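Q: Counted from 1, the sequence shown has number 63 at position 63 by the UniProt record's numbering; the numbering is strictly sequential.
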Amino acid sequence: MEWIDAATAAERLGVKPATLYAYVSRGVLRRRHGDDGRRSLFSAEEVERLARRGRPRNRPPELVIESAVTALGVDRPYYRGRDVLELAGASDFETVATWLWTADPALWHHR
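(1) Which runs of the alpha helix (DSSP H) fall wholly inside the UniProt domain "Helix-turn-helix" (4-54) and span at least 4 residues, in chain order?
(2) Would you call glutamate 45 buried or exposed, if buried means 16 or more other Cβ atoms sit within 10 Å of its Cβ?
(3) Count the C-beta pairs between the region 38-52 and the region 3-15 that are closer than 8 Å, then say yes if the count reaches three, no if not.
(4) Measure the C-alpha to C-alpha separation of arginine 38 and isoleucine 4 and round it to an integer number of angstroms.
(5) Quick check: the Cα distance between alanine 88 and arginine 53, rounded to an integer number of angstroms?
(6) By how many angstroms is the C-alpha of threonine 70 removed from the C-alpha of tyrosine 78?
(7) Per DSSP, what kind of secondary structure is alanine 68 in: helix, strand or coil?
(8) Can you say whether alanine 9 is buried or exposed, counting buried as having 16 or more other CB atoms within 10 angstroms of its CB?
(9) Going by DSSP, which residues form a beta bridge with aspartate 92?
(10) In the DSSP output, what is aspartate 75 paired with across the bridge?
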């Protein structure tokens, strides 16, 4: 197995040396000490595999927020079940804001 030094591995991956050690602590890369006991060496094969695959990233958790006010449609939001474009054309800002805040159906019966 071929081993390369930290500077070479970092350059190949396009990261700082500190990032290499973070990869080691997360189990992404293996490291061994050089013959002098001070240098860190990395598996050239693992570095190459990681370079081809790209930087490891933690996927952010999927965020789900339940709301009685807003639903995100494919192309635009809906507020209390009404298309945002319908709301924008139906009344002035203050009336829409009051309706969103209070959910008073009387504000929309005459529209």
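Ideal placement from N, C-alpha and C gives every residue a C-beta, glycine not left out. The structure displayed is predicted, hence computed values, not measured ones.
A: Judging by the given coordinates:
(1) 6-13, 17-25, 44-53
(2) Answer is exposed; the Cβ neighbour count stays below 16.
(3) yes
(4) 14 Å
(5) 46 Å
(6) 6 Å
(7) coil
(8) Counting the other CB atoms within 10 Å of its CB gives alanine 9 a total of 16 or more, which places it among the buried residues.
(9) DSSP output for aspartate 92 lists no bridge partner at all.
(10) DSSP output for aspartate 75 lists no bridge partner at all.
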